[in-house]
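Per the numbering used here, numbering of the sequence shown is gapless, rising by one per residue and ending at 588.
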Amino acid sequence: MFRSFRQILLNSSSFQQTSRMSYLKSFIFKGNEISNCRELGFVNQKMEQQIPSSMSALKTIYNYVKYPQKHKYSLIIIELSKLLRSNQDSLQQQKVNSQLIDLAVCTENVNLAIYLHASLSNFKNIIKDQNYFVAKILEKTLSNKKLVLSGDFFHVKASSLSSKIGYIEIPQYFSKIEENVSKGMIIQETLNKRMLKNEPVEQKEVEKMIELRDTSLISYSLKCLGVIIQLNQQDQEQLYQIGVTIGRILHLKHSLILNKQLPDGLIKLELLKLFKSEKEPIETTEEQVKVEKQKLIQQLKMQLQKFKIEEQKINEFVRLI
């Protein structure tokens, strides 16, 4: 599946531990809100260990390149799992912890692979977004061809590890993630071309793009979480819907950044669903995004309440997103 996903992006024209030192290294470029997550250190350790020492460019990409939602999905999986399985005995928790770390590693691999493949036409932008030291390394070691191969590497690692977690549904869900993201990218490409020609774009088309492209990874990853902690089908579906809501929240947060960085046409495409017409002033966009985000946060809290999680813990979890 990852090969067809890569080919879609290649054909597109407008995409943009046990060791203390290893544990601390995982937080060099991350926010303070995740600095206390011990399990995330193990995720980082496994991500590093899967990269052969001879592949220095891959190590540079993983350790230092800033990419959207870096370690955010892993953190969400880990912290939500803690809220959902407080009644498990210690032996059961130990086994599940290992499986959840593997799930987080799979998700991190796919997220990074998607970023690398989707950045093929924006190689200079990748470099521009890094600090001076990292940018110089990337200029010397990377190319569009190496971005393709690097993305392939992380996709293969995700596919291999997902099949070893121990549940047949998990590799199936990760195949579905890649299928959906591919479809979302195709819609994005189509809408971009139409907007460049000043052709109309419908709200439902943008909604579908966001659903497929921006929510599939976290929604299916949370469904995998439900499988691992052995929730019933109804609760697994509820976790999937929670993932959709989280994906939309993160999309809006990222759109606030895009609003400051991207050309006007792309801004409109990302945020069009918040407009009643394309002629509405772009200056109002940021406020609209914030209002929409707050609505989604309230929706997320209501979804989490169905699992009978304490309000204080729900609020703490939501602050991580």
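The beta-carbon is built from N, C-alpha and C at its ideal position, and this holds for glycine as well.
What is the DSSP secondary structure of residue i, reduced to helix, strand or coil?
i	result
Ile-404	helix
Asn-330	helix
Thr-482	coil
Arg-305	helix
Met-322	coil
Leu-517	helix
Val-468	coil
Pro-438	helix
Leu-587	coil
Gly-510	helix
Ser-429	helix
Ile-496	coil
His-384	helix
Asn-398	coil
Gln-565	helix
When you compare each of the options to residue i by their alpha carbons, which one comes out closest?
i	options	result
Val-310	Val-473, Gln-455, Tyr-329 and Ser-323	Tyr-329
Val-423	Tyr-399, Lys-464, Val-377 and Ile-444	Val-377
Ile-345	Asp-481, Val-363, Gln-497 and Gln-500	Val-363
Asp-481	Arg-461, Leu-517, Met-314 and Lys-333	Leu-517
Gln-312	Ile-368, Val-332, Leu-484 and Lys-339	Ile-368
Ile-404	Asn-582, Tyr-331, Gln-439 and Ala-371	Tyr-331
Tyr-434	Ile-485, Leu-519, Leu-370 and Glu-406	Leu-370
Ser-429	Met-314, Val-468, Cys-373 and Ser-386	Cys-373
Gln-316	Glu-554, Phe-421 and Tyr-340	Phe-421
Lys-337	Leu-379, Ser-365 and Phe-584	Leu-379
Leu-519	Glu-554, Ser-426 and Asn-499	Glu-554
Have a look at residue i and residue j and give me their C-alpha separation to the nearest angstrom.
i	j	result
Ile-381	Gly-418	7 Å
Met-322	Asn-398	21 Å
Glu-559	Leu-458	22 Å
Pro-570	Ser-320	One point to set straight first is that residue 570 is Gln, not Pro, in the sequence displayed. Taking the straight line from one Cα to the other gives about 43 Å.
Gln-501	His-521	30 Å
Leu-529	Leu-325	Low local confidence applies: a pLDDT of 45 at Leu-529 is under 50, so the model's placement there is unreliable, with the coordinate-based value given in what follows. Their Cα atoms are separated by approximately 27 Å.
Ser-279	Lys-475	With a pLDDT of only 46 at Ser-279, under the threshold of 50, the placement of this residue in the model should not be trusted; the figure read from the coordinates follows. Going from the Cα of Ser-279 to the Cα of Lys-475 covers about 19 Å.
Leu-350	Ile-576	7 Å
Val-473	Glu-456	11 Å
Gly-308	Ile-343	14 Å
Pro-548	Val-556	Unreliable positioning characterises Pro-548 in this predicted model, as indicated by a pLDDT of 39, which lies under 50. A coordinate reading is not provided.
Ser-348	Ile-477	25 Å
Leu-416	Ala-425	14 Å
Glu-578	Asn-499	23 Å
Lys-562	Ser-427	38 Å
Is residue j closer than 7 Å to residue i when the C-beta atoms are compared?
i	j	result
Cys-491	Ile-437	yes
Ile-509	Leu-479	no
Leu-567	Thr-512	yes
Ile-496	Arg-352	yes
Tyr-340	Ile-485	yes
Ile-318	Gln-366	no
Looking only at its own chain, which residues have a Cβ that is under 8 Å from the Cβ of residue i, when we skip the five neighbours before and after it?
i	result
Glu-466	none
Ser-483	Lys-443, Ile-444, Asn-447, Val-448, Gly-451 and Gly-514
Gln-360	Arg-352
Met-314	Tyr-329, Val-372, Glu-375 and Asn-376
Val-401	Thr-327, Tyr-331 and Val-332
Leu-574	Sequence inspection shows Phe at residue 574; the Leu mentioned does not correspond to that position. So the qualifying residues of the chain are Leu-350, Leu-351, Asp-502 and Gln-505.
Cys-304	Leu-342, Ile-345 and Glu-346
Glu-306	Ile-345, Asn-364, Leu-367, Ile-368 and Ala-371
What residues in its chain sit with their C-beta under 7 Å from that of residue i, if we drop five residues either side in the sequence?
i	result
Tyr-440	Tyr-487, Lys-490 and Cys-491
Gly-493	Asp-502, Gln-503 and Leu-506
Val-585	Ile-564, Leu-567 and Lys-568
Arg-461	Val-468
Consider the C-beta atom of residue i and the heavy atoms of the ligand HEM; say whether any pair is separated by less than 6 Å.
i	result
Leu-379	Absence of the ligand HEM from the depicted structure is noted, as is the absence of any ligand whatsoever, leaving it without description.
If you drop the 5 nearest sequence neighbours on each side, which residues of the same chain put their C-beta closer than 6 Å to that of residue i?
i	result
Ile-581	Lys-568 and Leu-571
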